[in-house]
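The structure under discussion appears below in the form of structure tokens.
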Amino acid sequence: MATNEEVVRNVDAEAYDPDKPQQYGEAFPPLAPAATFGAVGPNLNVAMEKTIWSNKMTMKTSTCTQVFTVPMEERRYKEFNEQSFGDETDQAKICKEIMARNNVSIEMSCAKDQSLTVVIHGKDQNVMKARREIVSRLQTQANTLLKIPREHHRFILGKSGKKLQELELATQTKITIPRPEENSDMIKITGTKEGIDKARHEIQITSDEQAKLAFERLPVPKVYHPFICGPKNDNIKKWIEETGAKIHMPPPSVMKDEIVVSGEVEGVLKCKANIMKIYEEKKRKCQTVSVEVRKSQHKYIIGPRGNGVHEILAATGVSVEVPPVDSSLETITLRGEQDKLGPALTMVYSKANSVVFAEVMAATWLHKYVIGRQGANVRRITEQFSKVHIEFTDGADKIIVEGPPEEVESAVKELEAVVKDLQSRMDFTEVNIDQRFHKHIIGKAGQNITRIKNDTGVSIKIPSDTEHSNIIRIEGDPKGVIQAKEELMEMAQRMENEKSKDILIEQRFHRSIIGARGENIREIRDRFNQVQITFPDPGKKSDIVTLRGPKNDVDKCFKHLSQLQQDMVASNYQAHVHIFKDFHKNVIGKGGATIRKIREDTNTKIDLPSEDSESDVILITGKKADVEAARAQIEAIQKDLANIKEAVVTIPHKLHNSIIGAKGRLIRAIMEECGGVIIRFPSEGNVSDKVIIRGPTADVENAKSQLMELASEKQQSSFTAEVRAKPEYHRFLIGRGGTNIRKVREKTGARVIFPSSEDQDQELISIIGKKESVDMAKVELEGLIKNLDNIVEGEMNVDPKHHRHFVARRGEVLRQIAEQYGGVTVSFPRSGVKSDRVVIKGSKDCVEGAKKRIQEIVSDLDSQVTMDCVIQQHHHRTVMGTRGSNVQEITRNYDVGIKFPERPIANGDKENKDGGMVNGEVNGEMQNSSDQSPKKNDIIVITGKLENCEQAKEALLALVPITDEMTIRYDFHRFIIGQQGKDVRRMMKEYDVNISIPPAMDHCETVKVTGPPANVRRALAALSDRCEELEREMEDRELKSFQLTIEVDNSLHPKIIGRRGAVISKIRKDHDVNIQFPNRDDSAQNTITITGYEKATQAAKEDILKIVQEYEEMVTMECTVDHRVHPRIIGARGRNIRKLMEQFKVDVRFPRSESDHPDLIFITGAEEAVAECQDYLLNIEEEFLQDVIDQEAMRQLTQPPSRQVGGGKGQPESKHGFVVTGAPWHVVPDTTSVEEFPSFGAVTNPNPGHAWGPPAFGKK
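Per this note's numbering, the very first residue in the sequence shown carries number 4; after that it's consecutive.
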């Protein structure tokens, strides 16, 4: 361990940590001394002045106005006084729409020659859009076709069609360009004659420009591209500047043997000639040489950004081809003229050997220390040897150094020295500790691991939870490593001996155990300092508190907390005492004296319900004995005050729940019926039979007799017996539709309860009722069960044609029979065996029941008929319903089978089996529709009993949709539709119909309802009811829109409104009217408008006039009171002034702070009350001013001469001036310096020492 005298240096301070943020001084190093103004010269100031002050701000208006004229012959709407005065014309409506959509203003005027002048004002873009819409909708449109070559269409469109949109906006036309797949050259232009001419001109210009351009693809092999490009693309750049053409060379990674040239014809031809000339020449003269060079040296041949290859090409005219980086090939190919290949090869070897590699052996864990803190060690070496590159590889025990041979050797020596030094004074070890202990080793906020690091000076690496590793690595000084290892092993061993234990403590006690600011839990933790106590989060609503630590300490802490919880439970016992609401004030006593005495005597907490609460329960909390004593005292108060009697009734405990009833309904009904007596049953867990009744004597006797009668009835009818039967017998005992068990109940009068699916004992059957009834039912059931236990085998004959019905759908019918009749086994002959013998095994009664059921099914099958129901095929989907729901319901209700025909084959693609076509043709001839039999596709086949089939047919026909119409006023349509169609959708869903309401623009009053006839009738009735309701609402709105105005002086309006609108809100609520006061800018400032029913408005008017009359009878008096007294009169939050106004029934108004008469107060009210209030205020003023004079005199006498006004020198001014803190510049600025704080317009000599501003960070 390190002593206080010696400081242990942490090894982490030496290691490189890439995740640690840099220091401010490292990230932002101080700048070099700034150049002086004198070094630059005086012209700098002039230049700065010109660049800064000579740039004047240019402003451009954001709105514009356009005026254009539509000739009479081109106007779409020639409205020559056809509309009556005041009617809105069609073109005016169109302009309104355009104005609203584009946020512009539009004005129109008609000249004598009937030409239309349009003025549009708004933002530039909006004006252009609006003009285009007006032209397209108010001016007649012409169109023309323009032939433009297809290859020019994309230039007319522009990028993303933007150029075409701009052209359409500028010319106010619609331009249609054919799609690529249409194979057409014709462009259609629609718009006004003027706009068409402009658009045609612009399109033709674009096409003519493109006609002058040329495009060439030159087939040049990839290997010759470097010669054509030249060193650093010099050739390409030169040709582009000379000709203006574009030359596209594929990048090195794209293996394409072509070069693309585009631009004007002359430039393209010139570039093509130059390229082909170089290609032909090199193709004729070039030869190749291949050499092997190590892959790692290829990058030195290529050089940064390919400069190495370009240098060789520029010097020798030879192209160097290097394989791609991802290729394993080491062969480099040189291509060029024969006499140039030698010098080029020499240059290649020179560049390849310009860099050497060396390795320095160092363990991986030492790499970060070799790098050093913030990379200091490596930075020092690389700064010394600037051409050297040092590479650290994860997982490799070596460091790679590359660079020029002479510098690499020196860098290796430096690195070896660093590694040797680290190896001599550092070591590492690995400790295997179970991962579950890692978080405890780290400690809260890393306290434990930080302490070990600081004490030993080592670096400790603990794996994260995601790594699932137990290995902890320690690195640093050998002694520190050994010491840290011992401490970690000791902690791990100690934790292995620890245990974790949970204790259940009610969450309501957690806060008490923790205490205010954790004082209580801190004492417990100090007492058991080896135990970690963890409480659940308050939001989790959990009672589990976890203890962790040494076994003995955990057990002791567990015992202590258990005792603490028991004490809290004992001291938090609660009892509910029912005391009549009228007596609560007597329980409280005068000034709370009675309740306070009970609390002190019994040491309990007593909570009474609030006055506005309907509850009469008083809650007492404390120790059980104390609570009972408090209860007795409170109940004694009630007994003394009224004729209260208490009676005790003995009722068996097992009957309590049945007497109380579900959610206490039965007992609550008795309590209410008997005048509100209080009936108290034993608490949960208490098996006492005593029930206490308290209340007035007569009511107690009535409740007692009712309870005893109810208990006697429950006791007689609650005798219970049990019978056991196999679960598979239960369905047979119950019978089909409950027939068997119903017979037993009717015969015996007892209630039989079978186990539910959730019950554990599935064999137990309970019988409840009177004793004799239960005994009879038990005998009946035991007899039935005994018969079921006797297994017999029976046979019957079933026609083979019906066998399929029983075994179809995986034997569903047989499974139902087995479930209904005690699990009998029914065996039909196997398929292929010609036999009608069916074997049934089971109890005798079950076998007989199964036989009878099979015979019923067979007779039903024999009596089945097939019936056709003709419904047009296009109605089938509607008849079926959603996912066949309608058909499923009909088959279930009438026990029939329904089969719909297959869908028709469209338009005679294939012939039907009958030889007919779907469209009605038979053998190429059309039959007469009157003689034609029903179509096969319209026939629905129903199978079942005759009467069932007829009923099912009627049900199907009732589902065939019909359409009925209803006339509904046009102005009701929007109310029927509802907000966003909500109401009409709800109605369609409720009545399963489709309701079609005509569009608003049609102004049609006919509403169509489509669906099944019954549903349509119900929907029409609902619509009719809705229309009647709307009629009533409209009449009510008309009645409620009656308006009445009264004239009241506007100075009284605030009085009528009241404080926060209380008075006017009450009038509005009482009479259900709307009262509108005039706005500030209204001319009639005295007019109040009342809207509502006529009678209600008259009543509201009377209420307002009463208020006005009261205020008119009042007087207003001015009272001068010293403004210093005003705060005392008003009081905290206006408490005193409100009390004063209530006391004298007056209104007191104080002046505003900026008033010219700050002492003037206005008092309004009855004359006598105002005079009394004035006297009261003047008395307060007199008392207050006397106190102020006395205080000022005392202050003058007690104040030393030096502190008296004018008696001493003033305080010296601060000499530090304006100081800014908390920033890098902590030096106080010299505000007297003209240089640091120059005057505007003054000229100062520049200081050559430094630039103006605070000193550099870190310097003084």
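Backbone N, C-alpha and C define an ideal beta-carbon position, used for all residues, glycine too.
What do you reckon, are the CB atoms on residue i and residue j nearer than 8 Å?
i	j	result
A728	I696	no
D1106	I1070	yes
Q69	R140	no
L332	V294	no
A248	V223	no
R1131	F1080	no
P152	S210	yes
I475	I436	yes
T179	K162	no
V121	F71	yes
S726	I770	Inspection of the sequence shows that residue 726 is occupied by Val rather than by Ser. In contact: V726 and I770 (Cβ atoms closer than 8 Å).
A958	G947	no
I1049	I1060	no
A487	I444	no
Within 10 angstroms of its Cβ, does residue i collect 16 or more other Cβ (buried), or is it exposed?
i	result
T1119	exposed
H156	buried
C232	buried
I647	buried
H228	buried
R104	exposed
D629	buried
T459	buried
F218	exposed
Q387	exposed
Q290	exposed
T174	buried
M258	exposed
R1352	The structure shown does not extend to residue 1352, since the chain is modelled only from 4 through 1263, so no value can be given for it.
Y732	buried
V1012	buried
Please report the Cβ distance between residue i and residue j, rounded to the nearest whole angstrom; I am assuming they are in contact, meaning their Cβ atoms lie under 8 Å.
i	j	result
A650	K717	About 19 Å separates the two Cβ atoms, so there is no contact after all.
Q568	F531	Their Cβ separation, rounded to whole angstroms, is 16 Å, which puts Q568 and F531 out of contact at 8 Å.
S653	A632	Residue identity check: residue 653 is Thr in the sequence provided, not Ser. Contact flag wrong, Cβ pair sits at about 25 Å.
Q1088	N1053	5 Å
K626	S574	5 Å
V996	C952	That pair is no contact at about 27 Å.
S467	P407	No, S467 and P407 are not in contact; Cβ-Cβ is about 43 Å, not under 8 Å.
D692	H656	5 Å
R525	Q535	With a Cβ gap of about 14 Å, R525 and Q535 do not count as contacting.
Using a Cβ-Cβ cut-off of 7 Å (strictly less than) and excluding sequence neighbours within five positions of residue i, which residues of its own chain qualify?
i	result
K1043	G1095, Y1096
L864	H805, H808
G339	C289, T319, G320, V321, S322, A347
Going along the chain, which residues of its own chain have a beta-carbon closer than 6 Å to the beta-carbon of residue i, five neighbours each way excluded?
i	result
V694	V652, I654, F684
P326	L332
Go through its chain and collect everything with a Cβ distance to residue i's Cβ below 8 Å, but skip five positions before and after it.
i	result
G1244	The pLDDT assigned to G1244 is 48, lower than 50, so where the model puts this residue is not dependable, and the model offers no usable value.
C67	H124, G125, K126, D127, V130
Segment contact, 8 Å Cβ cut-off, at least three pairs: the segment 578 to 594 with the segment 616 to 626 = Cβ pair count under 8 Å is three or more, so yes.
Contact between the segment 877 to 886 and the segment 959 to 968 (3+ Cβ pairs under 8 Å) | In the pairwise beta carbon analysis, the segment 877 to 886 is classified as touching the segment 959 to 968: at least three pairs are separated by under 8 Å.
If you pair each beta-carbon of the segment 192 to 203 with each one of the segment 138 to 153, do three or more pairs fall below 8 Å?
-> Yes: at least three Cβ pairs fall under 8 Å.
Three or more beta-carbon pairs under 8 Å between the segment 346 to 364 and the segment 409 to 425, yes or no?
-> Counting Cβ pairs under 8 Å, three or more are found: they touch.
For the segment 1135 to 1149 against the segment 1163 to 1179, are there 3 or more C-beta pairs whose distance is under 8 Å?
-> Taking a cut-off of 8 Å for Cβ pairs, the segment 1135 to 1149 and the segment 1163 to 1179 touch, as three or more such pairs fall below it.
Is there contact here, the segment 799 to 806 with the segment 756 to 768, by at least three beta-carbon pairs under 8 Å?
-> Taking a cut-off of 8 Å on C-beta distances, the segment 799 to 806 does not touch the segment 756 to 768, as fewer than three cross pairs fall below it.
Say whether the segment 783 to 792 touches the segment 837 to 844, bearing in mind that this needs 3 or more beta-carbon pairs closer than 8 Å, one atom from each stretch.
-> The answer is no - the segment 837 to 844 does not touch the segment 783 to 792, with fewer than three Cβ pairs under 8 Å.
Is there contact here, the segment 823 to 835 with the segment 843 to 860, by at least three beta-carbon pairs under 8 Å?
-> They touch, by the three-pair rule.
contact_flag[the segment 970 to 978, the segment 882 to 894] where n(CB pairs < 8 Å) is 3 or more | No, they do not touch.
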